[in-house]
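*Asks:*
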Amino acid sequence: MKLSRLLCAVFGCFFLLALSGKIVTAADFSVGIGGSVGSSPYKDYDTQWNVVPLVGFENEYAYIRGYTAGVKILNLDYLELSAFGGYDGTRFNAGDSSNWRLRKLKNRYSSAEAGMELRLLSPYGMLHASAARDILGNSDGWKGAIGYRQSLEYGPVEFIPAVGGYWMSSRYNDYYYGVSCKEAHKSGLAAYDAGAGVSPYLGLTISYSITQKWDVFCSGEMVFLNKAVKDSPMVGGSQTQSVTTGVMYNF
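Below, the structure is given as structure tokens:
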């Protein structure tokens, strides 16, 4: 099956489960609103501010986690395998940079992705691995992730530290961080063909239950850019940081 059809299959299964009534039984469901701020790897680039609606849904058949919706193919006490589709927010808008050379480059657009995820669950934390492909034809590249996180609860407060790495294929990196010969001639930047690479990350989420129904949270992440990204003439740093905070209502 082509990955361009997998996203349709994921959401098709999701809605079929909804029609069957399985999607609404024994489910954790929450809605809310949040705001995020993040640095960009690109030179002289505007800080990214966003206000977004938040939806969380989880039962034994399907889930919505952030910008991702998935169907659970295998769901055991210690193992979960799912197919998912989601939104990839990586993008470059030349007009958001004050660097005159970068302003002469082409825009690089956000995309949609589809893939598979495996989760190993234990009392000592969760180990997860995923792989997904761009299905809109922007980069035609692959992304992968592997990581570990643990939930630590102290009364109404929950801490979730996380560590892992993001892998990006050469096509993915070249689309977002490469500079073609034509762009190099126009902008004065050196031509650059980006390869694949792994970017380690550290994260921490803190959640506080105000009541049984209302939660507030703050989540931060630091990503250490891989050499293929750092060496790009478009890039001006070696790491990125982001913080998201919001409030959730639990049904």
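Under numbering that gives the first Met the number 0, the first residue of the sequence shown is numbered 0, with each subsequent residue one higher. Built from N, CA and C at the ideal position, the CB exists for glycine as well.
#1: So the alpha helix (DSSP H) R102 belongs to, where does it begin and stop?
#2: Between Y86, N92, D27, which lies nearest to L135 when the distance is taken from Cα to Cα?
#3: By the three-class DSSP mapping on this structure, what secondary structure does D173 have?
#4: Assign D192 to one of three DSSP states: helix, strand, or coil.
#5: Helix, strand or coil, according to DSSP, for S35 in the structure here?
#6: Looking at Y248: is its Cβ nearer than 8 Å to the Cβ of K212?
#7: What is the rounded straight-line gap between the Cα of V23 and the Cα of W166?
#8: Measure the C-alpha to C-alpha separation of E220 and S38 and round it to an integer number of angstroms.
#9: Note the first and the last residue of the continuous beta strand (DSSP E) segment covering K142.
#10: How is L18 classed by DSSP in three states: helix, strand or coil?
#11: Looking at S96 and Y41, is the spacing between their C-beta atoms short of 8 Å?
#12: Check each candidate in F56, G34, D43, S35 and name the one with the smallest Cα separation from D27.
*Replies:* Checking against the coordinates, here is how it stands:
#1: As a first step, residue 102 is located in the sequence shown; it is residue number 103 there, counting from the start. Counting along the chain, R102 sits inside no alpha helix (DSSP H), nor does DSSP assign it H or E at all.
#2: Looking up residue 135 in the sequence shown gives position 136. Closest by alpha carbon: Y86.
#3: For the purposes of this step, residue 173 is taken as the residue at position 174 of the sequence shown. Residue state, collapsed to three classes: helix.
#4: Taking the first residue of the sequence shown as position 1, residue 192 is located at position 193. D192 falls in the coil class under three-state DSSP.
#5: Mapped onto the sequence shown, residue 35 falls at position 36. Correct three-state label for S35: strand.
#6: In the sequence shown, the residue the question calls residue 248 occupies position 249. In the sequence shown, the residue the question calls residue 212 occupies position 213. A distance below 8 Å separates the beta carbons of Y248 and K212.
#7: Against the sequence shown, residue 23 aligns to sequence position 24. Against the sequence shown, residue 166 aligns to sequence position 167. For V23, the pLDDT reaches just 48, beneath the cut-off of 50, and the residue's location in the model is therefore unreliable, leaving the point undetermined.
#8: Numbered from 1 along the sequence shown, position 221 holds the residue referred to as residue 220. Numbered from 1 along the sequence shown, position 39 holds the residue referred to as residue 38. For E220 and S38, the distance between alpha carbons rounds to 11 Å.
#9: Locating residue 142 in the sequence shown gives position 143, counting from the first residue. Judged by DSSP secondary structure, K142 falls within the beta strand (DSSP E) whose first and last residues are 141-148.
#10: If you number the sequence shown from 1, residue 18 lands on position 19. At L18, the pLDDT of 43 sits below 50, so the modelled position is not reliable and the matter cannot be decided from this model.
#11: Translated into the one-based positions of the sequence shown, residue 41 becomes position 42. Translated into the one-based positions of the sequence shown, residue 96 becomes position 97. Between Y41 and S96, the C-beta spacing is below 8 Å.
#12: Taking the sequence shown and counting its residues from 1, one reaches residue 27 at position 28. Ranking the options by Cα distance to D27, first place goes to F56.
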